[in-house]
Each structure stands twice: as C-alpha cells, then as structure tokens.
Amino acid sequence: MNKKPLVAISHLSVSYHDQQAVSDISFEIYASDFVGLAGPNGAGKTTLLRTILGLEKPTHGSVSLFGKDQKEFRAWHTIGYLPQQKTSVNHLLPATVEEVVALSIPDSWDRRTVRESVRAVLNELGITHLSHKLFSTLSGGQKQRALLARALVTKPALLFLDEPSAALDPQARDTFFALLKKLNKEQGTAIVLVTHDAGYVGAYANKLLYIDTHLIYFGDFAHFCQSEQMNKYFGPHDHHIICHQHT
Amino acid sequence: MDIISLLQYDFVHRAFLVGVFVSIISGTLGLFLVLRKMSLLGDGLAHVSFGAVTLGLFVGIYPYTISIPLTILGALLMVYLNHKARVYADAAIGVVSAASIAAGVILASKSKGFNTDVMSYLFGNILTVRIDEVIVVAVLALGVVTVVIHYYRVLFATTFDEEYARTLGIHTQVVNAVLVTCTALTIALCIKVIGAFLISSVLIIPAVTALQLGASFKRTLIYSVCFALISMIGGIMLSLLTNTPTGATIVLVHVATLGAVLTVMRVR
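Next up, the structure:
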C-alpha cells in the first residue's frame with residue numbers, strides 16, 4: 031500500500047504497576063478506515079486508545095501519528111476524540127455548548143472562522159438550538175452530541191470514540207452511527223471506535239481490531255467473518271454474534 | 020466625617036486604587052481556583068506567606084523579598100505532593116500550610132518586638148498601603164489579565180476537561196503551575212492589604228457569587244470581576260464610614276453580596 035498511515039503502532043506494550051494492560055500490539059490505520067476496536071472487559075481497549083492519544087506512556091514500542099513520532103506530533107487538532115461519558119468533564123463549570131465546542135479550535139484560527147466552524151458543526155449534528163444552553167443542563171444524549179461536535183469542529187482526519195453509544199437509547203444510537211458512517215464515507219474521516227459490542231459495530235465498520243491484552247485479530251471485517259481460524263478461536267456461536275450484522 | 024471629606028485624602032485614593040487592582044486579580048484567578056476545586060489553595064498559601072513574612076521579620080529582611088519566593092515554592096510543593104507523591108490536593112494544602120503557620124508562630128514567639136508587624140500581616144490594612152505597593156499590585160493585575168486573555172482557551176479547556184485538554188496538546192501541568200504561581204504571587208503581594216486570615220475569602224466569594232447567575236463561562240468571568248470590584252469598593256467605603264477594620268469589612272460586604280445574589284436568584 032502506497033498511502034501513508036494515519037496511525038502506525040509498532041510492538042506497543044503498556045503496563046501499570048507491573049500489570050501488562052497492552053502487550054506487543056502492532057497495526058496501521060489509513061484514511062477512510064472505520065475500525066471497530068473490540069475485546070472483553072479489561073482487554074486494554076481504552077488503554078490502547080489513551081496511549082495513542084498521549085494520555086498514557088508506552089512501556090515498549092512506538093506510536094506514530096500522520097507519519098511523525100508521537101513525541102514530535104503537534105497537529106492534535108487533526109485528531110478528534112470523544113471520550114466515555116463518565117469522563118473528567120467539570121460539570122460545575124458554566125459553559126455553553128458553543129463554548130465547549132470552540133475549545134478544540136487552535137488559537138491560530140481567526141474569530142470569524144471559529145464562529146462559522148462552530149455554527150456549521152452544530153448544524154450538521156442538528157443541535158443548533160442547544161448552542162446557548164449550559165452544557166451541564168443537557169440530557170445524556172445531548173451531551174454526547176455536544177462532545178461529538180467538540181471532536182468534529184476542526185474537521186479531523188482521524189476520529190477516536192470510546193464506547194460512544196453507552197448513554198444513548200437504541201434510536202439515538204442508530205442515528206449516531208449513521209452519522210459516523212456518513213462522515214467516514216463522504217469526508218473520508220478515519221474512525222476508530224472502542225466497543226464491547228463488536229456485533230453492533232459490524233454493521234458499520236470495515237475493519238476489526240480485536241484485542242485481549244495482545245492482538246487477536248486486525249484486518250478486514252469481512253475477512254474476519256470468513257476466517258476458519260477465527261471461527262475456531264471464538265467458537266461458532268461467538269463468531270456469529272460478532273459477524274451477524276456485518277454486511 | 021462624611022465620605023466626600025474622606026475622599027480628599029491620599030491614603031484613601033491609594034486604598035481604592037489598590038482595591039481595584041486586587042479585585043481584578045481576585046475576580047479572575049478566583050473563578051479558575053473555585054472551578055478547579057482549589058479554593059483552599061488561597062488559604063493554604065496565605066499561611067505559607069504568613070510564615071515567610073515572619074521569617075523575613077525575624078532575620079531582618081524586607082518581608083516581600085522572602086515571602087514571594089517562599090510562597091511560590093510552597094505552591095509548587097503543594098502541586099508536587101498532589102501529582103507526584105499521590106497526596107490528595109486538600110491534604111497537600113493542609114500539610115504545607117500547617118507546617119508554615121507552625122514555623123511562623125514559633126518564630127514570632129522567639130522574637131522580640133515585631134509582634135505588631137506580624138499582626139498587620141495577619142489582618143492587613145488597605146488604608147496603610149504605600150504608592151510603591153500600589154504599583155506592584157497594579158503590575159501584577161496587568162500580568163494576570165494578560166495571562167488570562169492570552170491563554171484563555173488553554174485555561175478554559177484545562178478547567179473544563181483536563182484530560183481532553185491533554186489530547187489537544189495542552190501541557191496541563193504547566194497550566195496548573197502557572198495558575199498556582201499567579202495565586203502565590205497574588206497572596207504574597209496582597210497579604211498586607213487584606214491580611215492572611217481574610218485573603219482567601221476575597222479570592223473565593225466573587226467567583227462563587229458569579230456562578231450563581233448560571234451564565235456562560237466568559238460572562239461568569241466578567242461577573243466575578245464585577246462582584247469583586249463592587250464588594251471591594253463598597254467594603255472600603257463602609258469601613259471608612261463606620262470606622263471598622265477595613266479587611267474584615269471588605270470580607271463581610273463580599274458575603275453580603277453573595278447573600279443578596281442567592282436571595283434574588285431564589286426569588287426568581
């Protein structure tokens with residue numbers, strides 16, 4: 031493949047107090063990839079994501095972003111991130127949705143572009159009516175959309191989402207995933223979505239990254255579903271559960 | 020004596036001027052401290068500053084020369100204990116502030132003749148500030164406002180969601196260090212004006228008052244400075260009219276403003 035990977039992970043290991051959370055994982059993510067990052071509880075999914083984003087330090091191996099070593103990478107606005115709902119957001123802070131969304135925009139952008147970008151992303155996500163509301167007063171689903179707007183406002187080439195559907199009802203979840211699919215198809219945004227529900231994400235993702243501390247599978251979702259080896263590893267029932275929604 | 024006659028005195032002009040500058044600083048920094056659950060930092064640093072001032076008086080050095088670096092050092096030690104030694108922030112503040120005040124008390128007990136000076140730092144007196152002290156506080160206010168305007172997004176992002184701010188490439192530990200250093204400087208320079216016992220309330224109350232209004236972050240920041248200014252000027256005037264201790268009167272006017280806003284918001 032001639033294209034340059036957006037993310038290149040090489041022999042990555044992460045440990046906490048001698049406990050290995052991620053062990054010797056390597057993979058590459060390219061533009062237009064929609065990757066479902068799945069695995070059982072405690073498999074290291076969130077740790078892997080946080081290490082790519084620079085929130086955790088690798089014990090071994092390397093992380094490269096847009097062709098640059100992570101330590102030298104500066105264009106963080108080209109990466110969008112939607113953390114889990116139960117994150118470090120300060121709910122005491124009286125910020126409007128507009129203010130929350132704008133905080134992802136680098137200082138180098140002029141005021142007019144900032145205003146227009148915020149307006150555009152709120153409009154795209156159908157939450158323009160919430161722009162002057164305080165973030166702390168929103169419902170779970172509205173907060174999720176506001177945080178997605180925060181992740182998308184700079185039109186990132188790469189988007190990481192950590193269990194994004196946890197706070198959504200089934201209908202809102204379908205709408206949310208359809209929106210991600212649209213971003214992936216129409217704008218070529220590469221998406222990495224952490225989920226414990228690999229079956230559901232199979233309806234949208236074209237690649238699967240399955241880990242259980244170490245790498246179990248990385249490649250085309252379709253290939254995973256046809257793989258006899260994977261069928262044997264997971265057993266026919268679990269393999270079917272993961273694959274039944276993939277088209 | 021009426022307020023018009025009092026306004027003709029230079030010491031009153033200096034008191035109002037320094038009061039305005041202290042309010043700009045306290046209204047601005049206070050909001051970040053309250054929202055970052057660092058309200059007690061002001062109290063802890065006031066104790067550090069008190070200990071440092073006592074040390075300065077004990078060894079016969081101009082107190083600011085020693086209190087500024089030691090208060091900054093105390094602030095950074097609190098951050099270090101919190102981040103590196105895994106001590107909870109409130110416990111870290113408690114350890115450093117208790118050690119400082121204990122050292123201050125011992126030094127005061129071993130000294131002869133500077134207890135009156137120590138009292139002036141404990142309770143402060145805005146009416147005795149000199150013009151050079153006004154200038155120093157004005158420069159500090161200018162510095163704090165410049166830092167907040169220039170790094171507004173960085174400060175806002177770190178206060179709203181520190182972890183997410185790190186994914187934007189923001190060095191949040193540097194932001195925290197800058198914030199506590201600004202607070203330490205403010206405490207060290209303003210302790211004589213407001214007093215070690217009262218300065219933290221001047222930092223906290225305007226922010227808490229502004230937060231009751233439920234406005235956007237930018238507006239809350241502006242309201243916080245406005246409430247600090249109103250309470251400071253009102254407090255100085257009331258103290259002049261009623262001949263009550265200025266620092267304590269300023270604090271009580273701050274509390275009264277908070278009470279008034281809480282009542283209005285409840286009625287609405």
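Top line first, the protein sequences correspond to chains A and B.
Position one of the first sequence corresponds to residue 31 (the working numbering), numbered consecutively onward.
Position one of the second sequence corresponds to residue 20 (the working numbering), numbered consecutively onward.
Glycine is no exception: its CB is placed at the ideal position from the N, C-alpha and C atoms.
Asked, Found
"Output yes or no for whether 7 Å exceeds the beta carbon distance between A:Arg-180 and A:Val-131.", "yes"
"Determine the extent of the beta strand (DSSP E) in which A:Asp-192 is found, giving its start and end residues.", "188-192"
"Can you pull the DSSP bridge partners for A:Gly-156?", "Looking at the DSSP assignment, A:Gly-156 forms no beta bridge with any residue, so it has no partner."
"At what residue ranges does the stretch 157-183 of chain B contain a whole run of the alpha helix (DSSP H), taking only runs of 4 or more?", "171-179"
"So, is the C-beta of A:Thr-243 closer than 7 Å to a C-beta in chain B?", "no"
"Can you tell me the Cα-Cα spacing of A:Leu-210 and A:Gln-50, whole angstroms?", "32 Å"
"If you follow the alpha helix (DSSP H) that B:Val-194 is part of, which residue opens it and which one closes it?", "191-213"
"Any idea what DSSP makes of B:Thr-263, helix, strand or coil?", "coil"
"Using a Cβ-Cβ cut-off of 7 Å, state whether A:Thr-76 counts as contacting chain B.", "no"
"Per the DSSP calculation, A:Val-44 is bridged to which residue(s)?", "A:Val-52"
"Kindly indicate if chain B contains any beta-carbon less than 7 Å away from that of A:Met-31.", "Model confidence at A:Met-31 stands at a pLDDT of 49, short of 50, so the residue's coordinates are unreliable; what they give is reported in the following sentence. Not closer than 7 Å to any Cβ of chain B, the Cβ of A:Met-31 fails to qualify, so no."
"Against A:Ser-118, what residues of chain B qualify as contacts under a CB-to-CB distance less than 8 Å, listed in chain order?", "Asp-180, Glu-181, Glu-182 and Tyr-183"
"DSSP three-state call for A:Phe-57: helix, strand or coil?", "strand"
"Report the neighbours of A:Trp-106 on chain B: residues whose CB is nearer than 8 Å to its CB, in chain order.", "Thr-186, Leu-187 and Gly-188"
"Taking all protein chains shown into account, do 16 or more other C-beta atoms lie within 10 angstroms of the C-beta of A:His-276, making it buried, or fewer, making it exposed?", "buried"
"What does the alpha-carbon distance come out to for the pair B:Ala-275 and B:Ser-250?", "9 Å"
"Could you check the C-alpha separation between B:Val-53 and A:Pro-200 for me, to the nearest Å?", "38 Å"
"For the stretch 121-133 of chain A, which residues have a CB atom closer than 9 Å to at least one CB atom of chain B, in sequence order?", "Leu-122, Leu-123, Pro-124, Ala-125, Thr-126, Glu-128, Glu-129, Val-130, Ala-132 and Leu-133"
"Quick one: measure Cβ to Cβ for B:Leu-48 and B:Leu-222, integer angstroms, because I've assumed they're closer than 8 Å.", "6 Å"
"Taking Cβ-Cβ distances below 7 Å as the criterion, which residues of the stretch 150-180 of chain A are in contact with chain B?", "Leu-164"
"Check whether chain A comes within 7 Å of B:Phe-175, counting only Cβ atoms and requiring the distance to be less than that.", "yes"
"Does A:Thr-89 come out as helix, strand or coil in the three-state DSSP assignment?", "coil"
"Need the endpoints of the beta strand (DSSP E) that A:Phe-248 sits in, please.", "244-250"
"Would you mind reading off the limits of the alpha helix (DSSP H) that contains B:Val-78?", "58-78"
"Please decide whether B:Ser-119 counts as near chain A, where near means a Cβ-Cβ distance under 7 Å.", "no"
"In angstroms, rounded to a whole number, what distance separates the CA positions of A:Ser-161 and A:His-41?", "43 Å"
"Quick one: Cα of B:Gln-192 to Cα of A:Glu-86, how far?", "15 Å"
"CB A:Tyr-111 to CB A:Phe-190, shorter than 7 Å?", "yes"
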